[in-house]
Amino acid sequence: PTDMNCLTAFDEMFYCYSLGGQFLNIYRYGGFQDCSAKSADWRFCMKTKIFLPPMEEREERWADAKGKAMILARNKEKAAKYKMGKSSEDVWTVRKVPLTDAF
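Residue numbers for the sequence shown follow the working numbering, beginning at 43 and rising by one.
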């Protein structure tokens with residue numbers, strides 16, 4: 043994508059810092075989540091809005107190459123980090139035999 047929604051970035055950052063967001067991360071990955079990446083995403087979004095025109099002024103033939111290039115580069119960087127990041131499978135072990143009479 044070549045566009046970012048700053049409200050969505052802010053919501054993701056706020057949820058990351060919330061109790062529910064941290065609890066979910068503890069359950070999935072076994073530890074607290076560092077929310078600095080979410081904060082950086084929100085700050086980056088606010089920074090790119092300087093280079094992109096408002097939605098009502100955009101046209102297909104008029105594209106701000108600098109803002110869109112910044113967003114594309116950021117998305118590629120995040121995708122590369124995501125592939126190398128932790129997975130919930132790193133914490134939980136897969137059972138080979140199903141439990142019987144668990145409760």
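Just so you know, even glycine gets a beta-carbon here, dropped at the ideal spot from N, CA and C.
| My guess is that residue 55 and residue 81 are in contact by the Cβ rule of under 8 Å, so how many angstroms apart are they, rounded? | 5 Å
| task | May I ask you to report which of helix, strand or coil DSSP gives residue 141? | result | coil
| request: Would you tell me roughly how many angstroms separate the C-alpha atoms of residue 73 and residue 143, rounded to the nearest one? | output: 30 Å
| message | Rounded to whole angstroms, what is the Cα-Cα separation between residue 86 and residue 120? | response | 12 Å
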